[in-house]
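Q:
4 protein chains.
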Amino acid sequence: MAYQELKRACYEANLELNALGLVIYTFGNVSAVDRDRGVFAIKPSGVDYDALRPEDIVIVDFDNQIVEGNLRPSSDTKTHAWLYRNWEEIGGIAHTHATYSVAWAQAQMDIPIMGTTHADHLTEDVPCAAPMRDELIQGNYEHNTGIQITDCFAERGLDYREVPMVLLGNHGPFTWGDSATKAVYHSRVLEEVARMAYLARQINPAAPRLKEALIRKHYERKHGRNAYYGQ
Amino acid sequence: MAYQELKRACYEANLELNALGLVIYTFGNVSAVDRDRGVFAIKPSGVDYDALRPEDIVIVDFDNQIVEGNLRPSSDTKTHAWLYRNWEEIGGIAHTHATYSVAWAQAQMDIPIMGTTHADHLTEDVPCAAPMRDELIQGNYEHNTGIQITDCFAERGLDYREVPMVLLGNHGPFTWGDSATKAVYHSRVLEEVARMAYLARQINPAAPRLKEALIRKHYERKHGRNAYYGQ
Amino acid sequence: MAYQELKRACYEANLELNALGLVIYTFGNVSAVDRDRGVFAIKPSGVDYDALRPEDIVIVDFDNQIVEGNLRPSSDTKTHAWLYRNWEEIGGIAHTHATYSVAWAQAQMDIPIMGTTHADHLTEDVPCAAPMRDELIQGNYEHNTGIQITDCFAERGLDYREVPMVLLGNHGPFTWGDSATKAVYHSRVLEEVARMAYLARQINPAAPRLKEALIRKHYERKHGRNAYYGQ
Amino acid sequence: MAYQELKRACYEANLELNALGLVIYTFGNVSAVDRDRGVFAIKPSGVDYDALRPEDIVIVDFDNQIVEGNLRPSSDTKTHAWLYRNWEEIGGIAHTHATYSVAWAQAQMDIPIMGTTHADHLTEDVPCAAPMRDELIQGNYEHNTGIQITDCFAERGLDYREVPMVLLGNHGPFTWGDSATKAVYHSRVLEEVARMAYLARQINPAAPRLKEALIRKHYERKHGRNAYYGQ
């Protein structure tokens with residue numbers, strides 16, 4: 001019965017990923033962390049969303065050891081573990097192969113901040129981390145994927161609390177947030193922002209980034225000290 | 001029990017916005033006005049459409065004072081108030097972040113009138129108001145957003161009774177009409193017109209605007225003194 | 001009770017148009033003809049598909065006189081009448097503002113025959129009739145729309161029995177067939193063919209038209225004297 | 001009662017094709033083979049998916065002779081027979097006119113391997129076989145279509161066990177796998193990969209193919225001797 005609540009939260013967030021149309025088949029996974037116990041719950045590898053049950057969720061610690069569960073955890077588990085270990089305020093992580101997000105990743109380009117929909121959630125372009133060097137791919141791949149993400153943020157001086165999403169070049173998006181639900185929310189927002197930026201650039205290849213005053217205004221309406229959006 | 005009918009009209013128009021796929025999460029809002037009482041009903045800020053109840057709708061006057069309601073009104077309330085105050089024949093206003101409409105706004109381009117679908121509803125390109133000057137953004141932002149819209153119409157000599165929609169540069173669309181339902185209708189039509197113009201220009205970048213005779217014919221079939229469309 | 005069967009066929013084909021996602025609101029209409037009685041059934045003007053009832057369908061003769069019905073017929077009725085009068089083997093006609101079909105019409109371009117999906121249905125590019133001359137628009141517009149279509153076919157030497165669809169420049173598609181159901185089928189096929197040709201040209205602007213041997217083979221598998229497709 | 005299980009497997013895979021949105025009307029077919037008996041089950045020609053019943057499925061041998069069934073088999077039956085005869089480890093075959101897959105076929109271009117979604121399933125670009133020579137089209141067309149596919153694989157040195165999909169130039173995709181269900185799965189994956197590559201190239205026409213180390217890593221995570229994806 002241990003971890004029942006954590007498994008349920010992880011289970012529901014995984015179903016939400018599917019219900020939002022962000023994944024086909026088993027192309028994605030969500031995890032939810034319990035900081036007090038030093039473990040996280042994650043989707044089992046290769047299990048269809050339709051067949052997934054709360055008790056199938058696997059509990060893993062930050063050293064990638066299975067704490068509870070009969071199934072093999074997601075093949076991306078080590079990436080989640082690295083992010084939880086390094087970014088201490090994250091409560092949940094989502095990974096998808098959502099179409100427009102992946103398209104930008106395959107284009108190896110940051111998603112430029114083009115409008116207020118983007119600025120309502122973050123003040124930066126969505127970073128696209130470069131594909132890894134060959135020796136890192138051939139080594140501990142999923143662990144190194146986590147390092148690739150945190151290195152990208154370190155090099156660019158980005159704060160994971162303010163930029164809750166990244167594209168892995170040629171792969172796809174990882175998003176996070178206070179909870180698994182919030183991580184899924186950021187996957188959905190990212191997909192929409194990716195689609196809007198794609199279309200805007202198709203209409204007008206010279207369309208500029210959003211001006212700084214609008215970036216600040218929209219972000220602070222929702223996130224700043226004097227935020228006045230929501231209840 | 002006061003304002004019950006007004007709240008109900010506003011509530012249903014907000015649900016319609018969601019049912020038509022024009023919004024995700026809380027990215028939009030609809031209001032409905034009662035001219036006799038000098039108030040309008042508007043969606044509360046940041047409340048999910050799935051959770052929204054008629055009694056959650058907030059009643060506000062044209063000076064942005066809450067007349068009735070326990071929740072904070074939409075963060076865009078001042079824009080609605082300004083438009084109601086200045087454009088006296090409007091009955092309802094809708095704001096969305098619908099994908100193709102936003103894409104044109106992010107491209108900072110008017111949507112050219114390319115076909116009869118567009119001319120069935122308006123005879124002009126859909127205007128895209130320029131992003132605001134920084135001091136207006138940093139000031140009373142949502143109020144100034146309203147001014148930006150009415151200034152755009154004044155400068156271009158447009159009549160809000162004939163052009164029931166506008167794009168805010170880098171932000172997204174506002175639409176209006178005799179009622180909240182009609183405002184939502186115009187949001188849906190705008191999204192379709194935005195998509196058609198996008199595709200037409202992708203197919204043929206040199207495709208011309210619709211000829212004047214067809215613009216007049218189609219608009220007057222539906223809206224002119226001798227309209228013969230509908231019952 | 002007269003015309004009950006004809007109205008039912010027309011009603012169901014109109015609902016199918018909506019169910020297939022080819023129209024929003026009231027942006028389309030289907031008619032079904034009874035050659036023996038010299039009348040056709042057509043959707044009433046501006047009535048929502050959700051509210052439409054079989055008894056609302058209007059019966060009109062080829063001189064555009066209402067034979068039975070309490071509602072005003074579709075504003076495009078005269079176009080239907082002209083086509084029925086001139087093309088004697090047509091059993092039904094459909095008109096939509098479906099997105100990709102309209103996009104090609106707004107681009108004022110024929111849809112090139114690019115693949116076997118197209119050739120399974122017709123051996124020619126989908127013709128895009130030029131927008132009408134101003135005096136024809138300002139005159140008996142819907143009647144002249146019909147003439148514009150038949151003139152286009154005459155000038156190009158096309159046979160309406162082999163090319164069951166046309167685009168009106170800057171407006172949208174008309175399709176037809178042995179029955180109202182078949183006319184709707186052709187609207188759906190046209191929309192798919194329009195989308196495939198759009199995408200193929202975006203991927204490879206130099207992509208050639210389908211070679212003649214494949215055009216003939218695929219058309220004749222389904223339509224020739226020795227057709228062997230279907231039961 | 002013979003072949004009941006085989007017909008059921010074929011029937012369900014055909015319905016899945018439809019449920020996944022990969023076909024409209026009758027534009028596709030799936031077959032399932034029974035190697036021990038030297039026959040395969042295939043969809044009857046031109047029957048709507050909504051009307052299809054398990055007992056409608058036709059049983060055919062590798063010489064295209066009907067073994068059981070009252071309906072005419074798919075017009076593409078000879079293509080299936082050729083592939084089963086030549087590629088001895090295939091358990092099922094699917095053919096669709098899915099939109100993005102067809103668009104690349106109409107563009108007459110291989111789908112470049114641009115990301116890990118692609119590499120999770122195959123290590124090569126999706127091959128686009130050239131349209132056939134005229135005498136092959138005018139001859140035993142569907143049989144020759146099979147030859148066109150196996151010749152394409154032979155010329156390029158591709159192994160059908162590692163590349164479970166092909167585009168026929170100007171026509172559309174054929175996919176296969178251990179079972180009919182797996183063939184349909186590959187049709188769905190192909191459509192997604194086709195869409196992602198299309199969008200990536202629209203965003204960045206110079207976007208490179210996926211680097212070799214990532215191709216190998218992702219393919220071997222799922223398919224190699226040391227695969228660790230799934231349960």
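Chains as they are written, first to last, in full-length UniProt numbering: chain A, 1 to 231; chain B, 1 to 231; chain C, 1 to 231; chain D, 1 to 231.
From the three backbone atoms N, C-alpha and C, an ideal C-beta is built for every residue, glycine too.
When you check each C-beta in the region 24-53 of chain C against every C-beta of chain B, which residues fall closer than 9 Å?
A: From the region 24-53 of chain C, only Ile24, Tyr25, Thr26, Phe27, Pro44, Ser45, Gly46, Val47 have a Cβ closer than 9 Å to chain B.
Q: Would you be able to state if there are at least three C-beta pairs under 8 Å between the region 159-174 of chain A and the region 100-118 of chain D?
A: Short answer: they touch.
Q: Measuring alpha carbon to alpha carbon, tell me which of C:Leu52, C:Ile111, C:Leu122 ends up nearest C:Tyr25.
A: Minimum Cα distance to C:Tyr25 is reached at C:Leu52.
Q: Mind listing the chain C neighbours of B:Gly230? Cutoff is C-beta to C-beta under 7 Å, in chain order.
A: Per Cβ cutoff of 7 Å: Ser45, Gly46.
Q: Excluding the five sequence neighbours on either side, which residues of its own chain have a C-beta within less than 7 Å of the C-beta of C:Arg188, listed in chain order?
A: Excluding positions up to five away in sequence, the list reads Leu20, Leu22.
Q: Taking the CB atoms as reference points, tell me whether B:Val60 and B:Ala81 lie closer together than 8 Å.
A: Against a cut-off of 8 Å, the Cβ pair of B:Ala81 and B:Val60 comes out as a contact.
Q: Within a Cβ cutoff of 7 Å, which residues of the same chain sit near D:Lys222, ignoring the five residues on either side of it in sequence?
A: Cβ within range, chain order: Asp120, Tyr229.
Q: If we define contact as Cβ-Cβ less than 8 Å, is A:Gly115 a contact residue for chain B?
A: A:Gly115 counts as touching chain B.
Q: Does the region 9-18 of chain D touch the region 209-227 of chain C, meaning 3 or more C-beta pairs lie closer than 8 Å?
A: Verdict: no, contact absent.
Q: Let me know the secondary structure DSSP gives A:Phe27 once reduced to three states.
A: Note: A:Phe27 maps to coil in three-state DSSP.
Q: Ignoring anything shorter than 3 residues or poking outside the region 180-225 of chain D, list the beta strand (DSSP E) runs there in chain order.
A: Listed in chain order, there is nothing to give.
Q: How many Å lie between C:Val30 and C:Val166 at the Cα?
A: Cα to Cα, C:Val30 sits roughly 15 Å from C:Val166.
Q: Just list the residues that DSSP pairs D:Gly92 with in beta bridges.
A: Paired residues: D:Ala32, D:Gly177.
Q: Using a beta-carbon distance below 8 Å, is D:Met196 in contact with chain A?
A: At least one chain A Cβ lies under 8 Å of D:Met196.
Q: So what's D:Ile59 in DSSP terms, helix, strand or just coil?
A: It is a strand residue.
Q: Select from the region 107-135 of chain B all residues with a C-beta closer than 9 Å to any C-beta belonging to chain A, and list them in chain order.
A: Within the region 107-135 of chain B, the qualifying residues are Ala107, Gln108, Met109, Pro131, Met132, Arg133, Asp134, Glu135.
Q: Quick check on B:Glu12: does DSSP put it in helix, strand or coil?
A: Helix at B:Glu12.
Q: So, C:Thr77 versus C:Glu142, is the Cβ gap smaller than 8 Å?
A: Contact flag set, yes.
Q: Where does C:Ala41 fall in DSSP's three states?
A: In the structure shown, C:Ala41 sits in a strand (DSSP, three-state: E or B).
Q: Among residues of its own chain, excluding the 5 on either side of D:Leu158, which ones have a beta-carbon nearer than 7 Å to its beta-carbon?
A: If we look at D:Leu158 and ignore the five residues flanking it on each side, its Cβ neighbours are Glu124, Pro127.
Q: Would you check if the distance between the CB atom of B:Arg37 and the CB atom of B:Phe62 is smaller than 8 Å?
A: No. Outside cutoff.
Q: Taking only three categories from DSSP, how would you classify C:Val102?
A: C:Val102 falls in the helix class under three-state DSSP.
Q: Taking C-beta pairs closer than 8 Å, name the residues in chain D that A:Leu71 reaches, listed in chain order.
A: Per Cβ cutoff of 8 Å: Gln231.
Q: Mind checking C:Gln148: buried by the 16 CB within 10 Å criterion, or exposed?
A: Classification of C:Gln148: buried, given that the 10 Å Cβ count is 16 or more.
Q: Among C:Ile42, C:Arg161, C:Ile66, which one has its Cα closest to the Cα of C:Arg8?
A: Minimum Cα distance to C:Arg8 is reached at C:Ile42.
Q: With DSSP run on the structure shown, which of helix, strand or coil describes A:Leu6?
A: Looking at A:Leu6 - three-state DSSP - the assignment turns out to be helix.
Q: Have a look at B:Asp134, B:Ile203, B:Asn144 and flag the residue whose alpha-carbon is nearest the alpha-carbon of A:Arg216.
A: For the residues B:Asp134, B:Ile203, B:Asn144, the minimum Cα distance to A:Arg216 belongs to B:Asp134.
Q: Show which residues of chain C have a CB atom less than 7 Å away from the CB atom of D:His171.
A: Result: Gly115, Thr116.
Q: Any C-beta of chain A sitting closer than 8 Å to the C-beta of D:Ala103?
A: False, the Cβ-Cβ gap to chain A never drops below 8 Å.
Q: Within the 8 Å Cβ cut-off, does residue 258 of chain C reach chain D?
A: Summary: the structure shown does not reach residue 258 of chain C, with chain C confined to residues 1 through 231, and so no result is reported for it.
Q: What residues are listed by DSSP as bridge partners for B:Cys152?
A: B:Cys152 pairs with nothing; no bridge assigned.
Q: Mind pulling the chain A residues with CB within less than 9 Å of D:Arg225?
A: Ordered by position in chain A, no residue passes the 9 Å Cβ test against D:Arg225, which lies about 15 Å from the chain.
Q: Listing by chain order, which chain A residues have their CB less than 7 Å from the CB of D:Arg221?
A: Per Cβ cutoff of 7 Å: Ser75.
Q: Would C:Val163 and C:Gly92 be called neighbours here (beta carbons separated by less than 8 Å)?
A: In this structure, C:Gly92 does not lie closer than 8 Å to C:Val163 by Cβ.
Q: Can you tell me which of A:Arg161, A:Ala207, A:Ser45 puts its alpha carbon nearest to the alpha carbon of A:Trp87?
A: With distances taken between Cα atoms, A:Trp87 lies closest to A:Arg161.
Q: Which first and last residues belong to the beta strand (DSSP E) in which C:Ile66 is found?
A: From DSSP, the beta strand (DSSP E) with C:Ile66 extends over 66-68.
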